[in-house]
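Undergrad:
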Amino acid sequence: MSGDVAALVATRRIEAVCLGASAGGFEALLAVLEGLPATYPMPLVAVLHLPDHHESKLAELFGYRLALRVREARDKETLAPGVLYVAPAGYHLSIEVDRSFSFSCEDRVSYARPSIDVLFASAADAYGKSLAGILLTGANYDGAAGLAGMQLAGALTIVQDPATAAVPTMPEAAIARMKPDLILSLAQIHAVLRRLGETP
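Numbering (the working numbering), first residue to last: 189 to 388.
#1: Could you give the DSSP three-state label for I202: helix, strand or coil?
#2: Using a Cβ cut-off of 9 Å (strictly closer), state whether D330 contacts chain C.
#3: Roughly how many angstroms separate the alpha carbons of Q339 and V380, rounded to a whole number?
#4: Would you check if the distance between the CB atom of G212 and the CB atom of L324 is smaller than 9 Å?
#5: In angstroms with no decimal places, state the Cα-to-Cα distance between I346 and H280.
#6: Taking the straight line between their C-alpha atoms, what separation do you get for A216 and I283?
#7: Work out the CA separation of A341 and D313 for me, nearest whole Å.
#8: Between which two residues does the beta strand (DSSP E) harbouring H237 extend?
#9: Determine the burial state of Y228: buried for a count of at least 16 other Cβ atoms within 10 Å of its Cβ, exposed for fewer.
#10: Where in the region 269-354 do unbroken runs of the beta strand (DSSP E), each at least 3 residues long, occur, reported from the N-terminal end onward?
#11: Which value, in whole angstroms, describes the spacing of the CA atoms of I377 and Q348?
#12: Leaving out the 5 sequence neighbours to the left and right, which residues in its chain are closer than 7 Å to L246 when beta-carbon positions are compared?
#13: Give me the Cα-Cα distance between S373 and E265, rounded to the nearest whole angstrom.
#14: Figure out for me which residue from G278, P269 and P302 has the closest Cα to the Cα of R287.
#15: Please state if the CB of M366 and the CB of L319 are separated by a distance shorter than 9 Å.
#16: Of the choices A255, L272 and G316, whose alpha-carbon is the least far from that of G208?
#17: Can you give me the start and stop residues for the beta strand (DSSP E) that R382 sits inside?
#18: Please report how far the alpha carbon of R259 lies from the alpha carbon of S190, in whole angstroms.
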């Protein structure tokens, strides 16, 4: 981790991490999350685009590979540290101001339900500057508006370097819309998450 990145991360007190990805996202999420300890001090919430009619096996698949506890988010559940929550297929996943989840079946956003934008916008309202948002590889524009809203709320915003993305469209859309705090490779994003977990 470069000195500039380490200095920026050291100034932040993060209470939750939200991640969004689409095409190529399973491998990208594994790369940034694998190796984080079961004692990770904050919740992580991920939206990965899936077809509505497919039963999601993401929680099970991530659970085999990660030390974190992994489960599909549940409506009205309060977020807990050390857990990776995965959005269920077919529902928008939001975080309420009391830091619990809510589901909705409203119209698709950027052709997606669950939508990264919906998660990011709601998380920004719930956590403000104590939030980190991470946007990874993907083939559409979902997440760009939500990440920009996070930045306005004071959150730490991180985008995968498009040159390292399996599909660069999604990170490129975010960079075109805003100036993220950090544009990093997957290995660098993993290092940031580890550092955030060590910050007292």
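All C-beta atoms, glycine included, are put in the ideal place defined by N, C-alpha and C.
TA: Inspection of the coordinates gives the following:
#1: coil
#2: Absent from the structure is chain C; it holds one protein chain and no more.
#3: 17 Å
#4: yes
#5: 22 Å
#6: 23 Å
#7: 7 Å
#8: Careful: H237 lies outside any beta strand (DSSP E) and carries neither H nor E.
#9: buried
#10: 271-274, 280-283, 289-292, 319-323 and 344-348
#11: 8 Å
#12: L236 and V274
#13: 32 Å
#14: P269
#15: no
#16: L272
#17: Element bounds for R382: not the beta strand (DSSP E) but the alpha helix (DSSP H), L374 to E386.
#18: 33 Å
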